[in-house]
Structure formats: C-alpha cells, structure tokens
Amino acid sequence: MVKITLSQAILISIWVCIFSFVCSVGSDVFDHAPQDLCEFCAISNRTSRTRLLYENETTNIIAFRSKDPDCKKHYLITPHLHIKNYFSPEATCDLIHELQRVCHEMLDEEGIKYKRRILFHIPPFYSVTHLHLHCMACTNDDESFLSSQYYINKFMDFASPDIEDKCPHTV
Ligand SMILES: *[C@@H]1O[C@H](CO)[C@@H](O)[C@H](O)[C@H]1NC(C)=O
Ligand SMILES: *[C@@H]1O[C@H](CO)[C@@H](O)[C@H](O)[C@H]1NC(C)=O
Ligand SMILES: [Zn+2]
Ligand SMILES: [Zn+2]
C-alpha cells in the first residue's frame, strides 16, 4: 500500500486544483463566448430559468445564485449589457461601484456577519465572458487549508484585479 504524508497530500491537492481550474477556464481562453451563446445574457433576458435574487430596471443590474458556490453564500451580480470584462471601457467605475454596492446590500439584508469576498476576474481567468462580480461570504469551513476549496479560493483572489487601483472609492 502506498503511504502519502500530509504535505504530499496537500501538494497533490494543490496540483489537482490548479489542473481543474485551468481546465474549467480553458474553454474560455481559447474560445471567448460570443454574445448569442452567453449564459449571463440568457439569464438577464429570461430565456434561462435561473431565479433572480435582485433586479433593478433603472440600472439594469441583476443578481442570482452561483451554480457552483465557492463559499457558503455566493452570488453573481452582473449588468444586463454584455460587457466583456473588468477592463472593458464600458466597465465604468460608476458601474463597478454599483455592482459592489448591490453585493453589500444583499449581504446586509441577510444580516450576514461572516467574511466577505468580493471580486472580479483578471482575463483570461473566468468561465463566462460577461462582466460579473463574485459576491461571497465565507465561513471558517470554506477557508480551511485542508479543503481543496481553499486553494481554489486563493487562486481566485490572486487572479482578481485590485478594484481600488482602477476605481478608488472617493470619500
Ligand atoms: C437571450 O440571450 C441569449 C444568449 O445571449 C440569446 O441567444 C437570445 O437570442 C436572447 N433572447 C432574446 C429574446 O433576446
Ligand atoms: C435602482 O438602483 C438605483 C441606484 O442604486 C436606486 O437609486 C433605485 O432605488 C433602485 N431601484 C429599485 C426599484 O430598486
Ligand atoms: Zn452576455
Ligand atoms: Zn466568475
């Protein structure tokens, strides 16, 4: 029987995470989804059955639950407009700040006290080419370094732009 030590197990799980992450984003790196196949456009225009948790007809922003949650609470907040990513010129700071505000409002309304993780992606590390904010609240279980989720979350944090660089909050 092959015995592996804890550190080997951790190393293996890191590699499994990196591998599965690269595979999951791979389709996007090589084939950026055109708008007519975009799953977030379909959610936004109601051709998909995903339930909306928030919608605002003035700002055209919607929010829904992530299909594949990385933390206990995980919402995706996105504009109706098919904006490619955080660095697109249409991703104005007003929009970026409004997406962040909606996230805080949703978590505040639920009275969530645990740790918030709020992030966009750096291209090409995303699975849907339609600007979206990951709005998450994580418990200690999500953050345990013995779970593979820990490494996925670390990578997501790493592959995320510093919002204050592009859009500092003015006081
Ligand atoms: C809704 O969005 C999907 C995906 O982008 C698109 O294929 C479809 O034509 C759109 N439908 C309407 C009614 O706009
Ligand atoms: C839509 O968003 C704007 C900007 O945050 C806000 O002032 C307005 O009250 C919202 N409308 C609804 C119906 O929630
Ligand atoms: Zn789209
Ligand atoms: Zn994403």
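Numbering (the numbering used here), first residue to last: 42 to 212. Don't be surprised by glycine CBs; every beta carbon is placed ideally from N, CA and C.
Residue j beta carbon less than 8 Å from that of residue i
| i | j | result |
| --- | --- | --- |
| PRO164 | ASN126 | yes |
| ALA104 | TYR116 | yes |
| GLN190 | ASP111 | yes |
| ILE102 | LEU148 | no |
| GLN76 | HIS123 | yes |
Option nearest residue i by Cα separation, candidates the options
| i | options | result |
| --- | --- | --- |
| CYS216 | ILE159, SER185, THR170 | For the chain, the structure presents residues 42 to 212; residue 216 sits outside this window and is missing. |
| GLU98 | ASN86, ASP198, ASP109 | ASN86 |
| CYS82 | CYS134, LEU136, HIS173, LYS207 | HIS173 |
| LYS156 | ILE84, HIS162, ALA178 | ALA178 |
| ASN168 | CYS144, LEU78, SER188 | Looking at the sequence provided, one finds Ser at residue 168 rather than Asn. Minimum Cα distance to SER168 is reached at LEU78. |
| MET197 | HIS162, SER89, PRO130, VAL143 | HIS162 |
Spatial distance of residue i from residue j (CA atoms)
| i | j | result |
| --- | --- | --- |
| LYS114 | ASP206 | 26 Å |
| TYR95 | HIS138 | 16 Å |
| GLU151 | LEU93 | 16 Å |
With 16 other Cβ atoms within 10 Å as the buried cut-off, status of residue i
| i | result |
| --- | --- |
| ASP183 | buried |
| HIS171 | buried |
| CYS144 | buried |
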